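Protein chains: 2
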Amino acid sequence: MASKKTLLEDIARELNVSKTLVSMVINGKGDSYGISKKTQEKVLSKAGEMQYTPNMFARALRTGKSNLIGLLVADISNPFYSNIAKYVERALAEKGYNLMICSTDENIEREEKLVQLFAEQQIIDGLIVATTNTSGGFFKKERLRNFPIVFIDRYLPDIESNYVVADNYQGSFELTDLLIHKGCKNIVAFNITPSHISSLTERVRGFKDALHKYNIPFSSGNLVEISFNNIQQDVKEKLLKLLKQSAKIDAIYTLNNHIATACLNVFNELALDIKKEGIYFASFDDISLFDFVKPNIISVSQPLEQIGIEAANLALKLIDQKVNGTMEYEKVVLPTSIISRNQI
Amino acid sequence: MASKKTLLEDIARELNVSKTLVSMVINGKGDSYGISKKTQEKVLSKAGEMQYTPNMFARALRTGKSNLIGLLVADISNPFYSNIAKYVERALAEKGYNLMICSTDENIEREEKLVQLFAEQQIIDGLIVATTNTSGGFFKKERLRNFPIVFIDRYLPDIESNYVVADNYQGSFELTDLLIHKGCKNIVAFNITPSHISSLTERVRGFKDALHKYNIPFSSGNLVEISFNNIQQDVKEKLLKLLKQSAKIDAIYTLNNHIATACLNVFNELALDIKKEGIYFASFDDISLFDFVKPNIISVSQPLEQIGIEAANLALKLIDQKVNGTMEYEKVVLPTSIISRNQI
DNA sequence: CAAAAAATCTAAACATATTTAGAAAAACGT
DNA sequence: ACGTTTTTCTAAATATGTTTAGATTTTTTG
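Protein chains in written order, with the working numbering: chain A, 32 to 375; chain B, 32 to 375.
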């Protein structure tokens, strides 16, 4: 005989009070509604005794608040995102919020469907998203414009928005700068296509600007595009071509961890010893793998924990502001750090 | 002027029908309720036109179903779990369900709080959980016993339950068997303490049984316990001691990827070349890292995708059965595979 | 064509809270 | 003791759907 769930009404009946009163007390508004201490005491203890827990749906339906935050990432199995997810979740749990994580599989349509479902439906109170979208058109929609959304990792340049990102430009600039100081003259950066997402364009810009600062010429050969759908194969081809060409290169700089991993795979497979050839290996994004592999990798590490915490807090702040009417855009850019493993 | 959300009533008013009818049609029950094709057509097209999307909370409140499944794991940033999460999510999305992922931080209290919140509150229709609990006492509670729960990775031996796990015993047995065939006589397994979770005890059992099969003596020295709270330091100490001792060991077998990673860190830090000393390195759990490091690692790989898919399907099946009254326990044990990188 | 049967549709109840507007009780002032 | 405040509490409305029981309308049948 599975005993039915305790309802507000059950408590009210037991105590011979109205459910209004019980609701007020349960929600900690007893004082402000002038419920006597004694009654509050009674209600609270009875509620505990009967193991009352409010029905979230009824509450959300009435209040329009679910205490749920959504997190949308391209791929939850990517350690970059799963780590951020962990920190976001921790930060939210402290404030009594729960997190709904969903992967979009780097698929714009799925992303839009999920945003629609979550945000327009008001299933969640706020959204944190590493968007796969590029145009911003979707997020301009009236109903979304008034919804608390925090972009992380990537933002959409053509719309005003709240975001928390690493300083991709500066990180890339510094990394390139470091390589140059180590004597590199012909650094080849591996980018991914399509590459309109902000983080990548910023990294490219940082790379180019650093070269420019030292008057090192940049030619199309310094930026290799890897097709997203065929990373492994494409990296292998481009890499082999590079190593065979007459113009000697002295550093490979992969613009994200996917490409880095693909390169390492190729080195492994072909037993290539980059180091012996006097080529540095550098990458944006630091993943734990880098601590174990050869060649040693110089990397730009993003402050995952900070990104997570800031994003969570910003989301909560926006939710608050929304209630209070005002709504300003906040842009958080966090510094990266170079992890320079003793190279060559 | 942010246009208000479209409600059922709005559509009903526009078309001069009852909202009952609209609801029926929207839910695809038009035929069974005998709503004429023409009317259904009208409703559907108007709903599309007005961009109607039902309010999930109102619906869930009334029906007691949210189309949400919960996934509770110890640590979403652990690639083992985040990969499973990805596959679970995909499988559920196909069936119109969404996934709420939460990390428990390997904290029993937090786990229980979340289960309470999600399951008892009926926020979710079903739960998939890699439990940190050990006793089963918590899950024996009346209200949870009638809730669709699928355990993954680990199950609780002292309660009847539904679970999807890898064949930890068999995988461990085969791995040990392989090592023995390679000539190992003194294999040392690194376990984690506390180690009452089923997956680990099964792995230990497989290890011992394989030794026994070949009449290889097992002594306490063959099983090193690493304390969970201090993995890195503890591994380092135990490892150094082992390598210095007189009795030569010929294989190290780490019982999960955490310990494996810790070992690799030590090898790295101290520039130890296990291989040169003629020691094999093996580990349960295969993570991508293993493809890149030295020494080459023989590992037991778990079928992550299958675990995810089976867990998702089982959860949905249970939800169905719950509605239909019957409720049987299903235990899915999936085969593992050995990844034998050419060692020594 | 009236009665019976079948096909369509609807009013009202319900799911479980929160909140508003106002009632009842207690305390106070003279 | 009676009107006024103040304190404490409650009935009813509300949030947005789903579902039951029954009402209308249409079609069929003798």
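We put the CB at the ideal spot given by N, CA and C, even for glycine.
Please read all numbers here as calculations on a predicted model, not as lab measurements.
Discussion item. Quick check on residue 110/A - is its C-beta less than 8 Å from some C-beta in chain B?
Written reply: Within the first sequence, residue 110/A is the residue found at index 79, counting from 1. So, interface residue.
Worksheet item: Between which two residues does the beta strand (DSSP E) carrying residue 39/A extend?
Response: Here residue 39/A corresponds to residue number 8 of the first sequence, with the count starting at 1. According to the DSSP assignment, residue 39/A belongs to no beta strand (DSSP E) but to the alpha helix (DSSP H) extending over 39-46.
Worksheet item: Roughly how many angstroms separate the alpha carbons of residue 324/B and residue 122/A, rounded to a whole number?
Response: Working through the second sequence from its first residue, we reach residue 324/B at position 293. Working through the first sequence from its first residue, we reach residue 122/A at position 91. C-alpha separation (whole angstroms): 34 Å.
Discussion item. Considering only the alpha carbon of each residue, which of 155/B, 310/B and 151/B lies closest to residue 378/B?
Written reply: This structure does not reach residue 378/B, given that chain B is present from 32 up to 375, and the question cannot be answered.
Worksheet entry | Rounded C-alpha distance that separates residue 281/A from residue 215/A | Start at 1 with the first residue of the first sequence, and residue 281/A comes out as number 250. Start at 1 with the first residue of the first sequence, and residue 215/A comes out as number 184. Straight-line Cα distance between these residues: approximately 6 Å.
Item to complete: Take the Cβ of residue 367/A as the centre, count every other Cβ of all protein chains shown within 10 Å, and call the residue buried at 16 or more, exposed below.
Response: Mapped onto the first sequence, residue 367/A falls at position 336. Buried, by the Cβ-count rule.
Discussion item. Which residues does DSSP list as the beta-bridge partners of residue 312/A?
Written reply: Numbered from 1 along the first sequence, position 281 holds the residue referred to as residue 312/A. Answer by DSSP bridge pairing, in chain order: 283/A.
Discussion item. Counting only Cβ-Cβ distances shorter than 8 Å, please list the residues of the stretch 292-323 of chain A near chain B, keeping chain order.
Written reply: Cβ contacts with chain B: 292, 295, 296, 299, 319, 320, 322 and 323.
Practice prompt. Leaving out five residues on either side along the sequence, give the residues of the same chain with a beta carbon under 6 Å from the beta carbon of residue 373/A.
Written response: Walking along the first sequence from the start, residue 373/A turns up at place 342. For residue 373/A, where only same-chain residues beyond five positions count, there are no Cβ hits under 6 Å.
Worksheet entry | Limits of the unbroken beta strand (DSSP E) element including residue 182/B | Within the second sequence, the letter at position 151 stands for residue 182/B. Element bounds for residue 182/B: 180-183.
Discussion item. Going by beta-carbon coordinates alone, are residue 86/A and residue 156/A separated by less than 8 Å?
Written reply: By one-based count along the first sequence, residue 86/A stands at place 55. By one-based count along the first sequence, residue 156/A stands at place 125. Taking 8 Å as the Cβ cut-off, residue 86/A and residue 156/A do not qualify as a contacting pair.
Fill in: Assigned secondary structure, residue 324/A (DSSP; H/G/I helix, E/B strand, else coil)
Here the question's residue 324/A lines up with position 293 in the first sequence. Three-state DSSP puts residue 324/A in coil, outside helix and strand.
Worksheet item: Any contact of the stretch 103-111 of chain A with the stretch 133-153 of chain A, i.e. 3+ C-beta pairs under 8 Å?
Response: yes
Item to complete: To the nearest angstrom, report how far apart residue 226/B and residue 57/A are at their CA atoms.
Response: Counting from 1 along the second sequence, the entry for residue 226/B is found at position 195. Counting from 1 along the first sequence, the entry for residue 57/A is found at position 26. Taking the straight line joining both Cα atoms gives about 40 Å.
Worksheet item: In angstroms, rounded to a whole number, what distance separates the CA positions of residue 311/B and residue 362/B?
Response: Within the second sequence, residue 311/B is the residue found at index 280, counting from 1. Within the second sequence, residue 362/B is the residue found at index 331, counting from 1. Taking the straight line joining both Cα atoms gives about 34 Å.
Worksheet item: In chain order, what residues of the same chain lie with their CB nearer than 8 Å to the CB of residue 187/A, ignoring the 5 residues before and after it?
Response: For the purposes of this step, residue 187/A is taken as the residue at position 156 of the first sequence. Cβ within range, chain order: 162, 164, 165, 166, 167, 170 and 229.
Worksheet entry | Expected contact under 8 Å - CB spacing of residue 286/A and residue 223/A to nearest Å | Start at 1 with the first residue of the first sequence, and residue 286/A comes out as number 255. Start at 1 with the first residue of the first sequence, and residue 223/A comes out as number 192. Correct: roughly 7 Å between the Cβ atoms.
Worksheet item: If you pair each beta-carbon of the stretch 179-198 of chain A with each one of the stretch 287-298 of chain A, do three or more pairs fall below 8 Å?
Response: no
Worksheet item: Mind pulling the alpha helix (DSSP H) runs of 4 or more residues that sit fully within the stretch 186-255 of chain B?
Response: 199-212 and 229-244
Worksheet item: For residue 248/B, does the count of other Cβ atoms within 10 angstroms reach 16, so buried, or fall short, so exposed?
Response: On the second sequence, position 217 is the one that residue 248/B refers to. That one is exposed.
Worksheet item: Looking only at C-alpha atoms, which of 331/B, 347/B, 255/B and 330/B sits nearest to residue 120/B?
Response: If you number the second sequence from 1, residue 120/B lands on position 89. Comparing alpha-carbon positions, the option among 331/B, 347/B, 255/B and 330/B lying closest to residue 120/B turns out to be 347/B.
Item to complete: Pick helix, strand or coil for residue 129/B, following the three-state DSSP scheme.
Response: The sequence position of residue 129/B within the second sequence is 98, counting from 1. Three-state DSSP puts residue 129/B in a strand.
Discussion item. When you compare the CB positions of residue 159/B and residue 231/B, do they come within less than 8 Å of one another, or not?
Written reply: Against the second sequence, residue 159/B aligns to sequence position 128. Against the second sequence, residue 231/B aligns to sequence position 200. No.
Discussion item. Using the three-state DSSP reduction, which class does residue 69/A fall into: helix, strand or coil?
Written reply: Residue 69/A sits at position 38 when you count from the first residue of the first sequence. Residue state for residue 69/A is assigned as helix, using DSSP reduced to three classes.
Item to complete: Could you please give the first and the last residue of the uninterrupted beta strand (DSSP E) stretch that includes residue 303/A?
Response: Taking the first residue of the first sequence as position 1, residue 303/A is located at position 272. Note, residue 303/A: premise wrong, no beta strand (DSSP E); not H, not E.
Worksheet entry | Span separating the alpha-carbon of residue 176/B from that of residue 124/B | Taking the first residue of the second sequence as 1, we reach residue 176/B at position 145. Taking the first residue of the second sequence as 1, we reach residue 124/B at position 93. Each residue's Cα considered, the two are about 26 Å apart.
Practice prompt. Name the two residues that bound the continuous beta strand (DSSP E) containing residue 102/A.
Written response: Stepping through the first sequence from its first residue, residue 102/A is reached at position 71. Segment 99-104, the beta strand (DSSP E) holding residue 102/A.
Practice prompt. Report buried or exposed for residue 79/A, applying the criterion of at least 16 other Cβ atoms within 10 angstroms of its Cβ.
Written response: Counted from its first residue, the first sequence places residue 79/A at position 48. Burial call: exposed.
Practice prompt. Just tell me which of 41/A, 147/A and 270/A has its CA closest to the CA of residue 301/A.
Written response: Locating residue 301/A in the first sequence gives position 270, counting from the first residue. Of the candidates 41/A, 147/A and 270/A, the one whose C-alpha sits nearest the C-alpha of residue 301/A is 270/A.
Worksheet entry | residue 81/A at chain B interface by Cβ criterion, 8 Å | Along the first sequence, read from residue 1 onward, the residue named residue 81/A stands at position 50. No - not a single Cβ of chain B is within 8 Å of the one on residue 81/A.
Worksheet item: Looking at the C-beta of residue 88/A, does it have a partner C-beta in chain B at a distance below 8 Å?
Response: Numbered from its first residue, the first sequence carries residue 88/A at position 57. Closer than 8 Å to some Cβ of chain B, the Cβ of residue 88/A qualifies, so yes.
Item to complete: Give a yes or no on whether 8 Å exceeds the smallest Cβ distance from residue 84/B to chain A.
Response: Here residue 84/B is taken as the residue at index 53 of the second sequence, counted from 1. Taking Cβ atoms only, chain A reaches closer than 8 Å to residue 84/B, which makes this a yes.
Fill in: Residues from the stretch 130-153 of chain A in contact with chain B, defined by Cβ distance under 9 Å
130, 131, 132, 133, 134, 136, 141, 145, 147, 148, 149, 151, 152 and 153
Worksheet item: On the three-pair Cβ rule with 8 Å, is the stretch 230-244 of chain B touching the stretch 199-214 of chain B?
Response: yes
Worksheet item: Where do the N-terminal and C-terminal ends of the alpha helix (DSSP H) with residue 273/A fall, by residue?
Response: As a first step, residue 273/A must be located in the first sequence, where it is residue number 242. In this chain, the alpha helix (DSSP H) harbouring residue 273/A covers 262-275.
Worksheet entry | Span separating the alpha-carbon of residue 370/A from that of residue 219/B | Here residue 370/A refers to the residue found at position 339 when the first sequence is read from its first residue. Here residue 219/B refers to the residue found at position 188 when the second sequence is read from its first residue. Approximately 35 Å between the Cα atoms of the pair.
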